[in-house]
Amino acid sequence: MAKKNKMKPRELREAQKKARQLKAAEINNNAVPAIAAMPAAEAAAPAAEKKKSSVKAAGMKSILVSENKMYITSFGKGNSAVLEYEVDNNDYNKTQLSSKDNSNIELCDVNEVNITFSSKHGFESGVEINTSNPTHRSGESSPVRWDMLGLKSELEKRFFGKTFDDNIHIQLIYNILDIEKILAVYITNIVYALNNMLGVKGSESHDDFIGYLSTNNIYDVFIDPDNSSLSDDKKANVRKSLSKFNALLKTKRLGYFGLEEPKTKDNRVSEAYKKRVYHMLAIVGQIRQSVFHDKSSKLHEDLYSFIDIIDSEYRETLDYLVDERFDSINKGFIQGNKVNISLLIDMMKGYEADDIIRLYYDFIVIKSQKNLGFSIKKLREKMLDEYGFRFKDKQYDSVRSKMYKLMDFLLFCNYYRNDVVAGEALVRKLRFSMTDDEKEGIYADEAEKLWGKFRNDFENIADHMNGDVIKELGKADMDFDEKILDSEKKNASDLLYFSKMIYMLTYFLDGKEINDLLTTLISKFDNIKEFLKIMKSSAVNVECELTAGYKLFNDSQRITNELFIVKNIASMRKPAASAKLTMFRDALTILGIDDKITDDRISEILKLKEKGKGIHGLRNFITNNVIESSRFVYLIKYANAQKIREVAKNEKVVMFVLGGIPDTQIERYYKSCVEFPDMNSSLEAKRSELARMIKNISFDDFKNVKQQAKGRENVAKERAKAVIGLYLTVMYLLVKNLVNVNARYVIAIHCLERDFGLYKEIIPELASKNLKNDYRILSQTLCELCDKSPNLFLKKNKRLRKCVEVDINNADSSMTRKYRNCIAHLTVVRELKEYIGDIRTVDSYFSIYHYVMQRCITKRENDTKQEEKIKYEDDLLKNHGYTKDFVKALNSPFGYNIPRFKNLSIEQLFDRNEYLTEK
Numbered sequence: 000m001a002k003k004n005k006m007k008p009r010e011l012r013e014a015q016k017k018a019r020q021l022k023a024a025e026i027n028n029n030a031v032p033a034i035a036a037m038p039a040a041e042a043a044a045p046a047a048e049k050k051k052s053s054v055k056a057a058g059m060k061s062i063l064v065s066e067n068k069m070y071i072t073s074f075g076k077g078n079s080a081v082l083e084y085e086v087d088n089n090d091y092n093k094t095q096l097s098s099k100d101n102s103n104i105e106l107c108d109v110n111e112v113n114i115t116f117s118s119k120h121g122f123e124s125g126v127e128i129n130t131s132n133p134t135h136r137s138g139e140s141s142p143v144r145w146d147m148l149g150l151k152s153e154l155e156k157r158f159f160g161k162t163f164d165d166n167i168h169i170q171l172i173y174n175i176l177d178i179e180k181i182l183a184v185y186i187t188n189i190v191y192a193l194n195n196m197l198g199v200k201g202s203e204s205h206d207d208f209i210g211y212l213s214t215n216n217i218y219d220v221f222i223d224p225d226n227s228s229l230s231d232d233k234k235a236n237v238r239k240s241l242s243k244f245n246a247l248l249k250t251k252r253l254g255y256f257g258l259e260e261p262k263t264k265d266n267r268v269s270e271a272y273k274k275r276v277y278h279m280l281a282i283v284g285q286i287r288q289s290v291f292h293d294k295s296s297k298l299h300e301d302l303y304s305f306i307d308i309i310d311s312e313y314r315e316t317l318d319y320l321v322d323e324r325f326d327s328i329n330k331g332f333i334q335g336n337k338v339n340i341s342l343l344i345d346m347m348k349g350y351e352a353d354d355i356i357r358l359y360y361d362f363i364v365i366k367s368q369k370n371l372g373f374s375i376k377k378l379r380e381k382m383l384d385e386y387g388f389r390f391k392d393k394q395y396d397s398v399r400s401k402m403y404k405l406m407d408f409l410l411f412c413n414y415y416r417n418d419v420v421a422g423e424a425l426v427r428k429l430r431f432s433m434t435d436d437e438k439e440g441i442y443a444d445e446a447e448k449l450w451g452k453f454r455n456d457f458e459n460i461a462d463h464m465n466g467d468v469i470k471e472l473g474k475a476d477m478d479f480d481e482k483i484l485d486s487e488k489k490n491a492s493d494l495l496y497f498s499k500m501i502y503m504l505t506y507f508l509d510g511k512e513i514n515d516l517l518t519t520l521i522s523k524f525d526n527i528k529e530f531l532k533i534m535k536s537s538a539v540n541v542e543c544e545l546t547a548g549y550k551l552f553n554d555s556q557r558i559t560n561e562l563f564i565v566k567n568i569a570s571m572r573k574p575a576a577s578a579k580l581t582m583f584r585d586a587l588t589i590l591g592i593d594d595k596i597t598d599d600r601i602s603e604i605l606k607l608k609e610k611g612k613g614i615h616g617l618r619n620f621i622t623n624n625v626i627e628s629s630r631f632v633y634l635i636k637y638a639n640a641q642k643i644r645e646v647a648k649n650e651k652v653v654m655f656v657l658g659g660i661p662d663t664q665i666e667r668y669y670k671s672c673v674e675f676p677d678m679n680s681s682l683e684a685k686r687s688e689l690a691r692m693i694k695n696i697s698f699d700d701f702k703n704v705k706q707q708a709k710g711r712e713n714v715a716k717e718r719a720k721a722v723i724g725l726y727l728t729v730m731y732l733l734v735k736n737l738v739n740v741n742a743r744y745v746i747a748i749h750c751l752e753r754d755f756g757l758y759k760e761i762i763p764e765l766a767s768k769n770l771k772n773d774y775r776i777l778s779q780t781l782c783e784l785c786d787k788s789p790n791l792f793l794k795k796n797k798r799l800r801k802c803v804e805v806d807i808n809n810a811d812s813s814m815t816r817k818y819r820n821c822i823a824h825l826t827v828v829r830e831l832k833e834y835i836g837d838i839r840t841v842d843s844y845f846s847i848y849h850y851v852m853q854r855c856i857t858k859r860e861n862d863t864k865q866e867e868k869i870k871y872e873d874d875l876l877k878n879h880g881y882t883k884d885f886v887k888a889l890n891s892p893f894g895y896n897i898p899r900f901k902n903l904s905i906e907q908l909f910d911r912n913e914y915l916t917e918k
């Protein structure tokens, strides 16, 4: 037995310090420069910096600790974990758990501070790499490091009913908490967007219309509360919600989410539509309540269980929505894709026709190619960039999408069926890569191999890419029965209701939001699945029975697969035709026409009621370049067309946003937008000219544009398209970035509500407190407890604790309550026009956000009621910029978590990499 090398306390501290310094140096080396908030000319591109740690690149996935054992895992196929070694924490003896064929790493040495290992494949194979030993680092008696918030035990009891002397359960829990954080952000944005669609002017009382809806009432009670058993107070609240629900339907703005109000005289059909919309909004409201307030003790309101407990009519609506989507995909799939299927059957001689059809359904609907661990699209792009440049010829422009889809399908079949080993080898190489440049090189090498294999097939596809061939194939009859796909086709019964609920949420999101949300959820459920697998393994074998509210996660494997399907079938929906007049109004308003314009005048300008050839050029131009722009739709969801136009007149703000757009893109915008461009002028002059154009944009600039234009008229039309595109892009970046900044504070509120509930279980002083009365109460109580506090952030750092106490005292309950509500309701975005013109210097989205926020906080709610002046109000108005101490005071409720508090309060620490730039 190996003898444990026991260090002296001083030696141990020095070794720990050295390990922390090495870790910090690696983190700093991995950091991406914050360039988004500064002009691109000032940001130098770094040379091939590390994108991941050497530990991950070498194949180590995690180090799990359970009592006196340590378990080391490596990356297996996909996101799976391979149990590699068991290490005894007393003497550091190691036992290999993985088989020779499955093993990815070689464990070299373990001591009190470091674990040394090497990779068996790829990344610097055989080179020894150090990582920290997670045991005994804190000097506590337990081999598991305590969490700094002191909530590990309470979290374990909430999720598993008991505490554990390991770090496995808490890591699983953190993945569940990450799911709740991401849902808190998206549900907040959805609620705001839906409320914003009400468009009530001069009143913000509609702020939480959706947020106050819940699944407690069925539809019949909602539309007729007086004939229900509800209390009088609840009846009054339901009547108020019903009034606003009807007002929302009347605006037609739900059409922006693709919700199509049926054109029918059949009252049953119309009522069924309204019922579905009510169910959708009520579920959104219920999720909002679940993620913003601690509902873990109430199963009928808990995020992961309420959907299976509430009235079945809600689940029927979810079934309807999912089946409607699957039906649109499945109906006549073979006939709808017969041109591509016919070409593939003709080319893929080694496959049975039925097999090709099933594989093509998988490729189009299930999209298994996105689960291979690498990008088929990137491989095809590399192949064509290096060897197949003829396929980029203009002659293929009209059929390019079809041609590329067929090429991608061949590559998919190669890795999915023919050469699975090659795909796994490619995944391994990419995992071992440290930089983007290395990844690009790996893709280039693989593309070179593929080109020799698929060149003739690609040539064959290209030869069939002409109108006559495609037309003939389209006319031909297919001899294949749709029943071939019966075993492959999906329907609502294949999904759990949690997955259906997530699909429903995608109705209210754009394409990027859908991708971000589903990618995160899939990753987290996949991680949870792997933790449960390890916990249940014979080697580890620890208890993993989840409590009632979290039983859903026992199905993490299934949900991972289901969410992958949801991600592939969900897409940003085209605005509904029934909302066209409303959208035309918004489009004309955002281009500068007064929003008080009548419907008749809109119809007159765009000739909506007239029929005839060639008279709808302006209507079509507005449709193609404004209404069908995803950026326009985003702006209407989150802002107001009239206010956006007013904000665009602020050259200072527009110049700031343009400063975040790369120089090359500015050059292109300048060339396409300016009638007589001076390409030799400076970038600053070009940005200034573009800002001036945006400021002065007017509907009159476009009213004479001809859709079917030639010569000079076509040049003018293309220039007008470019100007509108630039204008919408700049305003989109402004609003989207402010929404992203707000998201950081939404997460902080969500965590505050959750942590308050956990601390109440262990701190008697909080037992009778209500967070709504004073959002500072948690941080204040933990500071007052000093050395008795379970919170190590405040217990071990007296200096920082004193700073937090100062910030708490600089705030008051009214101020922080208003701050919380402004975050929850995205008030900064709504009030942007009112205050952004007063900012003296616009140099970051952080500064814009907090200046507008602070003006909103100091705004008098009622002019007839004299309120006490807020402490920082004079400085705010005098300096025309946000006050740093005011930010810290407002964030004092988050002071119990020092890292979060500092990151949210100090501009230099705020993560600028979350800001968007135009690519």
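Quick note on numbering: the sequence shown equals residues 0 to 918 in numbering that gives the first Met the number 0.
Every residue gets a Cβ at the ideal spot worked out from N, C-alpha and C, and that includes glycine.
Since we're looking at a predicted model, the values are computed, not measured.
Does the beta-carbon of Pro763 have 16 or more other beta-carbons within 10 angstroms, so that it is buried, or is it exposed? Label assigned to Pro763: exposed.
Buried or exposed for Lys832, please, with buried defined as at least 16 other CB atoms from any protein chain shown within 10 angstroms of its CB. Note on Lys832: 16 or more other CB atoms within 10 angstroms of its CB, so buried under the neighbour-count rule.
Looking only at DSSP bridge pairs, what is Tyr70 linked to? For Tyr70, which the question treats as bridged, DSSP gives the partners Leu63 and Glu85.
Considering only their Cβ atoms, is the gap separating Leu253 from Leu754 smaller than 8 Å? The sequence shown places Asp at residue 754, rather than the Leu named in the question. Not in contact: Asp754 and Leu253 (Cβ atoms no closer than 8 Å).
Given 8 Å as the limit, is there contact between the segment 636-643 and the segment 694-703, that is, 3 or more CB pairs closer than that? These segments do not touch.
Quick check on the DSSP output: the beta strand (DSSP E) that includes Leu106 runs from which residue to which? Leu106 -> beta strand (DSSP E) spans Ile104 to Val109.
Separation of Leu908 from Gln853, as counted between CA atoms: Taking the straight line from one Cα to the other gives about 20 Å.
Can you find the residues in the same chain that come closer than 6 Å, C-beta to C-beta, to Ser812, ignoring five residues on each side of it along the sequence? Excluding five sequence positions before and after Ser812, the CB atoms of its chain that fall closer than 6 Å to its own CB belong to Asp773, given in chain order.
Enumerate in chain order the residues of its own chain whose CB-to-CB distance from Glu41 is below 7 Å, with the five nearest sequence positions on each side excluded. Caution applies to Glu41, whose pLDDT of 31 falls short of 50 and renders its modelled position unreliable; the model cannot decide the point.
Is DSSP giving Lys608 helix, strand or coil here? Residue state for Lys608 is assigned as coil, using DSSP reduced to three classes.
Contacting residues, own chain, Cβ-Cβ under 7 Å from Gly894 (five flanking each side not counted): Its chain contains Ser778, Val803, Asp806, Ile807 and Phe900 as the residues whose beta carbon lies nearer than 7 Å to that of Gly894, once the 5 sequence neighbours on both sides are disregarded; these appear in chain order.
So is Ile375 buried or exposed if we call it buried at 16+ other beta carbons inside 10 Å? Around the beta-carbon of Ile375, 16 or more other beta-carbon atoms lie within 10 Å, marking it buried.
In angstroms, rounded to a whole number, what distance separates the CA positions of Ala46 and Leu484? Legend: pLDDT at Ala46 = 37, less than 50; position of this residue unreliable, value from coordinates given subsequently. A straight line joining the alpha-carbon of Ala46 with that of Leu484 spans about 50 Å.
Could you tell me the distance, in whole angstroms, from the CA atom of Ser767 to the CA atom of Ile905? C-alpha of Ser767 to C-alpha of Ile905: approximately 33 Å in a straight line.
Straight-line gap, Pro38 to Glu439 (C-alpha atoms, nearest Å): Only weak support exists for where Pro38 lies, its pLDDT of 30 falling under 50; the value from the coordinates is given anyway. Looking at the backbone, the Cα of Pro38 and that of Glu439 are separated by about 27 Å.
Per the contact definition of three or more C-beta pairs closer than 8 Å, is the segment 278-288 in contact with the segment 602-622? Contact check between the segment 602-622 and the segment 278-288: fewer than three CB pairs, one atom from each, fall below 8 Å, which does not count as touching.
Measuring straight from C-alpha to C-alpha, what distance separates Ile460 and Asp418? Between Ile460 and Asp418, the C-alpha separation is close to 21 Å.
Length of the line joining the Cα atoms of Asn623 and Ala569: Their Cα atoms are separated by approximately 23 Å.
DSSP three-state assignment for Gln95, whether helix, strand or coil: Looking at Gln95 - three-state DSSP - the assignment turns out to be strand.
Going by DSSP in three states, Thr780 sits in which element: helix, strand or coil? Annotated three-state conformation of Thr780 is helix, per DSSP.
What three-state label does DSSP hand Ala742 in the structure shown? Helix, per DSSP.
Output needed for His205: all residues of its chain with C-beta closer than 7 Å, excluding positions within five of it in sequence on either side, in chain order. With a pLDDT of only 43 at His205, under the threshold of 50, the placement of this residue in the model should not be trusted; the figure read from the coordinates follows. Cβ within range, chain order: Asn194, Leu197, Val199 and Lys243.
Could you pull out every residue in the same chain whose Cβ sits closer than 7 Å to the Cβ of Tyr272, ignoring the five residues on either side in sequence? Hits under 7 Å: Glu260 and Pro261.
Compute the Euclidean distance between the alpha carbons of Ala708 and Phe620, then round it to the nearest angstrom. One Cα belongs to Ala708, the other to Phe620, and the distance between them is close to 11 Å.
Nearest by alpha-carbon distance to Asp837: which of Ala246, Val86, Asn560 and Tyr850 is it? The residue among Ala246, Val86, Asn560 and Tyr850 with its C-alpha nearest the C-alpha of Asp837 is Tyr850.
What residue does the beta strand (DSSP E) around Ile114 start on, and which one ends it? Residues Asn113 to Ser118.
Buried or exposed: where does Thr840 fall if 16 or more other Cβ atoms within 10 Å of its Cβ makes it buried? By the 10 Å Cβ count, Thr840 comes out exposed.
State the Cα-Cα distance for the pair Lys366 and Ile564, rounded to the nearest angstrom. The alpha-carbon atoms of Lys366 and Ile564 are separated by roughly 8 Å.
For the segment 327-338 and the segment 481-496, state whether three or more C-beta atom pairs, one from each stretch, are separated by less than 8 Å. The count of Cβ pairs closer than 8 Å, one atom from the segment 327-338 and one from the segment 481-496, reaches three, so the stretches are in contact.
As assigned by DSSP and simplified to three states, the class of Ile306: In the structure shown, Ile306 sits in a helix (DSSP, three-state: H, G or I).
Sub-8 Å separation of Lys93 and Leu106 beta-carbons: Result yes, Cβ atoms of Lys93 and Leu106 sit closer than 8 Å.
With distance defined between alpha-carbon atoms, name the residue in Leu531, Asn540, Val541 and Met571 nearest to Asp554. Minimum Cα distance to Asp554 is reached at Leu531.
Identify whether Asp165 lies in helix, strand or coil by the three-state DSSP scheme. Note: Asp165 maps to strand in three-state DSSP.
How many Å lie between Val625 and Tyr834 at the Cα? A straight-line Cα-Cα distance of about 27 Å links Val625 and Tyr834.
Inter-residue Cα distance where the pair is Pro892 and Val886: In this structure, the CA atom of Pro892 is about 11 Å from the CA atom of Val886.
Alpha carbon to alpha carbon, what distance is there between Leu876 and Pro898? Going by the C-alpha atoms only, they are around 30 Å apart.
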